[in-house]
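Structure record follows, encoded as structure tokens.
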Amino acid sequence: MSNVVWRGRDAEGDEYVVSVGSRRDADRFLSHMEAIVSETDRLLQSPEDELPDATTQRAILDQLDRLKNCLCLIAYRPRLVRQDLLGSLTLLGGTTRRTRHIAKLGMGVRRTVWRRGIGRRLVTESLRWAERNAIVERVALQVYASNTAAMSLYEDMGFEVDGRLQREVQLEDHLEDLVTMSRPTSLEAL
Ligand SMILES: CC(C)(COP(=O)(O)OP(=O)(O)OC[C@H]1O[C@@H](n2cnc3c(N)ncnc32)[C@H](O)[C@@H]1OP(=O)(O)O)[C@@H](O)C(=O)NCCC(=O)NCCS
9 MSNVVWRGRD AEGDEYVVSV GSRRDADRFL SHMEAIVSET DRLLQSPEDE
59 LPDATTQRAI LDQLDRLKNC LCLIAYRPRL VRQDLLGSLT LLGGTTRRTR
109 HIAKLGMGVR RTVWRRGIGR RLVTESLRWA ERNAIVERVA LQVYASNTAA
159 MSLYEDMGFE VDGRLQREVQ LEDHLEDLVT MSRPTSLEAL
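Using our numbering, you'd call the opening residue of the sequence shown number 9 and step up by one each time.
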């Protein structure tokens, strides 16, 4: 349990923990991804897009653990038997010298537990990590222009709108804009 970064209760009083995902979480991470892409159309990935197999997912989680400017956080109920994930967040740092100071944030929380503070907790813990990180100087993200729920969370957490990618996402019946947002990792720079 040494990977646990936070332990507490959600808004309904149910206990959960946030920990750094590792290769041992590959199966439940994949199940979680499969669930959230079906529960919401606010992600870039759709249910029709193929997910990695378990071996590849283990390798991805290993790599995120190893790379100094990357992070994978997972939220789940602390029980003896390994529980399904409630939420996940990744920070993917740039891969070149010129971009490694930027980490791109992506996240999703299971619909059954929306509005219980889990999303906010995941962002808070990721920013706490980023603030202490020696490489990452800025956290950036892209969000559907219509996703006002996520945008208000990000604004609350100090993110500001940088710009807009016009008609970037093909949905069933229309093309949707993406809003790009970012914030510095140092609170003093805000
Ligand atoms: C966006 C998302 C991560 C929020 O997770 P969550 O656990 O429900 O968020 P929280 O309960 O911590 O809420 C944090 C804040 O987000 C905003 N928010 C969340 N859901 C909202 C809703 N349905 N309507 C309006 N604001 C909402 C509120 O500002 C909220 O703060 P408040 O509860 O104090 O008012 C979750 O809804 C989700 O996974 N959505 C689908 C995938 C997605 O949009 N991912 C982001 C891609 S960029």
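In this text, a Cβ means the ideal position worked out from N, Cα and C, and glycines have one as well.
Distance between beta carbons of residue j and residue i, contact taken as under 8 Å
{"i": "Leu94", "j": "Tyr24", "result": "6 Å"}
{"i": "Ser96", "j": "Phe37", "result": "7 Å"}
{"i": "Leu186", "j": "Gln150", "result": "5 Å"}
{"i": "Thr98", "j": "Leu72", "result": "7 Å"}
Residue i and residue j closer than 7 Å at C-beta
{"i": "Gly29", "j": "Cys78", "result": "no"}
{"i": "Ala34", "j": "Arg66", "result": "yes"}
{"i": "Gly125", "j": "Asp18", "result": "yes"}
{"i": "Val45", "j": "Leu51", "result": "yes"}
{"i": "Leu69", "j": "Arg31", "result": "yes"}
{"i": "Gly171", "j": "Thr156", "result": "no"}
{"i": "Arg119", "j": "Glu42", "result": "no"}
{"i": "Arg108", "j": "Val147", "result": "no"}
{"i": "Ile82", "j": "Ser39", "result": "no"}
Close-in-space but distant-in-sequence residues of the same chain around residue i (CB under 6 Å, 5 per side omitted)
{"i": "Glu184", "result": "Tyr152, Val177"}
{"i": "Val131", "result": "Met165"}
{"i": "Pro55", "result": "Val45, Ser46"}
Same chain, Cβ closer than 7 Å to residue i, five either side skipped, listed in chain order
{"i": "Gly127", "result": "Gly95, Met115, Val117, Leu161"}
Cut-off 8 Å between Cβ atoms - residues of its own chain near residue i, not counting five sequence neighbours on either side
{"i": "Ser194", "result": "Glu139, Glu145"}
Strictly closer than 6 Å from CB to any heavy atom of ligand 1: give me those residues in the order they appear in the chain. Per the Cβ criterion, the list is Thr48, Arg50, Leu51, Met115, Gly116, Val117, Trp122, Arg123, Arg124, Gly125, Ile126, Gly127, Arg128, Leu149, Val151, Asn155, Ala157, Ala158, Ser160, Leu161, Asp164.
Whole beta strand (DSSP E) runs in the region 70–95 with 3 or more residues, listed along the chain? The beta strand (DSSP E) runs lying completely inside the region 70–95 and spanning 3 residues or more are 79–84, given in chain order.
Where are the beta strand (DSSP E) runs, 3 residues long or more, that stay fully inside the region 160–190, in chain order? Segments of the beta strand (DSSP E) lying fully in the region 160–190: 168–178.
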